[in-house]
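The next block holds one structure in the form of structure tokens; read it before the comments.
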Amino acid sequence: MGTKSTFFALSNFFNSKVLSRRTKVRLYIAIIRPILTYGYKTWIIINTMKRKLRKSENKVRRKCCEPI
1246 MGTKSTFFAL
1256 SNFFNSKVLS
1266 RRTKVRLYIA
1276 IIRPILTYGY
1286 KTWIIINTMK
1296 RKLRKSENKV
1306 RRKCCEPI
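Okay, so the sequence shown: first residue is 1246 according to the working numbering, each after it adds one.
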């Protein structure tokens, strides 16, 4: 399962008004970030890949920090 599919599978949690921002951030750190960075030690990181990783990270942060 890729990062986008994991994010969309968990979108109900990120859109939830019941969960706190702290809980949403913990979900991201525990589930989505490891999937996003799986095998990163073997990657040849180029600037475009860095930008894509940063964009994914920022998208989740924005979703977590939306007004409750």
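Note that the Cβ used here is the ideal one computed from N, Cα and C, for glycine as well.
Exercise for the section: For residue 1309, count neighbouring Cβ atoms within 10 angstroms of its own Cβ and tell me buried if that reaches 16, exposed if not. Expected result: buried
Practice task
State yes or no: is the C-beta of residue 1281 within less than 7 Å of the C-beta of residue 1301?
Solution key: yes
Problem - Residues of its chain near residue 1264, where Cβ-Cβ distance is below 7 Å and the 5 sequence neighbours each way are ignored - result: 1258
Problem - residue 1291 to residue 1269 span [Cα, whole Å] - result: 29 Å
Problem - N-terminal and C-terminal residue of the alpha helix (DSSP H) that residue 1297 is part of - result: 1292–1309
Problem - Buried or exposed by the 16-neighbour rule on C-beta atoms within 10 Å, applied to residue 1277 - result: buried
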